[in-house]
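Student: Please find one structure pasted underneath; my questions will follow.
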Amino acid sequence: MPLLKISSAARYALSAASYLALRPRGERARLDRIAASHGLSPSFLAKIIRCLAKRRIVVSRRGRGGGHVLARPSGKIALSEIVAAVEPPRQKFRKCLLEVRSCGTGAPCILHDLAVASEKKLWKALEQTTLASYARNQ
17 MPLLKISSAA RYALSAASYL ALRPRGERAR LDRIAASHGL SPSFLAKIIR
67 CLAKRRIVVS RRGRGGGHVL ARPSGKIALS EIVAAVEPPR QKFRKCLLEV
117 RSCGTGAPCI LHDLAVASEK KLWKALEQTT LASYARNQ
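Residue 17 is where the sequence shown starts when you use my numbering, and the numbers rise one by one after that.
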């Protein structure tokens, strides 16, 4: 059972961005093709793509010749940018790993410090990993 994990939205975003990163630079991809290639829900993926476009990670164009393309080279996009585009702001008070209460609000659980340190390490790894290297290793 994974204690620290990313959301479905973040997984979809990473999958879609990875698909775009592996295409020739500037070649647009249709939403239905991206969804089919990774077995993703097209309607949920459309919401994810909109979030990525708002953060200027993806450029989308409608109509004939439209589709989606990365806004900049995949080597210039950190995985943390992609996750941050679709995740709600990181909450200071999260559900406790051991109990049904907020941790860190006075009496943290015994695993609180470890969980916070692990989350920081994971985030640092996402900041240091480019979409290009992630896509190559899929």
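A virtual CB, placed ideally from N, CA and C, is assigned to each residue, including glycine.
#1: Excluding sequence positions up to five away, which residues of its chain have a Cβ less than 7 Å from the Cβ of residue 149?
#2: Taking 7 Å as the limit between beta carbons, can you name the residues of its chain near residue 28, skipping five residues before and five after?
#3: Which same chain residues end up closer than 8 Å to residue 6 when comparing Cβ atoms and leaving out the 5 residues on each side of it in sequence?
#4: Leaving out five residues before and five after residue 69 in sequence, what residues of the same chain have Cβ atoms less than 6 Å from its Cβ?
#5: Taking the C-alpha atoms as reference points, what is the distance between residue 98 and residue 73?
#6: Please tell me whether residue 25 and residue 67 are closer than 9 Å, where the distance is taken between their beta carbons.
#7: Just to confirm, is the Cβ distance from residue 47 to residue 83 under 9 Å?
#8: Any idea if residue 126 is buried or exposed, counting beta-carbon neighbours within 10 angstroms, 16 or more meaning buried?
#9: Quick check: residue 50 and residue 36, are their CB atoms within less than 9 Å of each other?
#10: May I have the straight-line CA-CA distance separating residue 146 from residue 139, to the nearest angstrom?
#11: I'd like to confirm the pairing. Which residues does DSSP put opposite residue 76 in its beta bridges?
Tutor: Based on what the coordinates show:
#1: The residue you call residue 149 lines up with position 133 of the sequence shown. Closer than 7 Å at Cβ, skipping near neighbours: no residue.
#2: Your numbering for residue 28 matches position 12 in the sequence shown. Answer for residue 28: 56, 60, 61 and 64, listed in chain order.
#3: Since the first residue shown for the chain is 17 and the last is 154, residue 6 is missing from the structure and cannot be characterised.
#4: Reading the sequence shown from its first residue, position 53 is the one you call residue 69. Once the five neighbours on either side are set aside, the close Cβ partners of residue 69 are 76.
#5: By one-based count along the sequence shown, residue 98 stands at place 82. By one-based count along the sequence shown, residue 73 stands at place 57. It is roughly 7 Å from the alpha-carbon of residue 98 to the alpha-carbon of residue 73.
#6: Residue mapping note: residue 25 aligns to position 9 of the sequence shown, counting from 1. Residue mapping note: residue 67 aligns to position 51 of the sequence shown, counting from 1. Yes.
#7: Within the sequence shown, residue 47 is the residue found at index 31, counting from 1. Within the sequence shown, residue 83 is the residue found at index 67, counting from 1. Inclusion of residue 47 and residue 83 in the CB contact set at 9 Å is warranted, their separation being smaller than that value.
#8: The count along the sequence shown starts at 1 and reaches residue 126 at position 110. It counts as exposed.
#9: Position 34 of the sequence shown, counting from 1, holds the residue named residue 50. Position 20 of the sequence shown, counting from 1, holds the residue named residue 36. Yes; because the gap between Cβ atoms is below 9 Å, this pair is in contact.
#10: Position 130 of the sequence shown, counting from 1, holds the residue named residue 146. Position 123 of the sequence shown, counting from 1, holds the residue named residue 139. Using only the alpha carbons, I get a separation of about 13 Å.
#11: To locate residue 76, count along the sequence shown from 1; it is residue 60. For residue 76, which the question treats as bridged, DSSP gives the partners 84.
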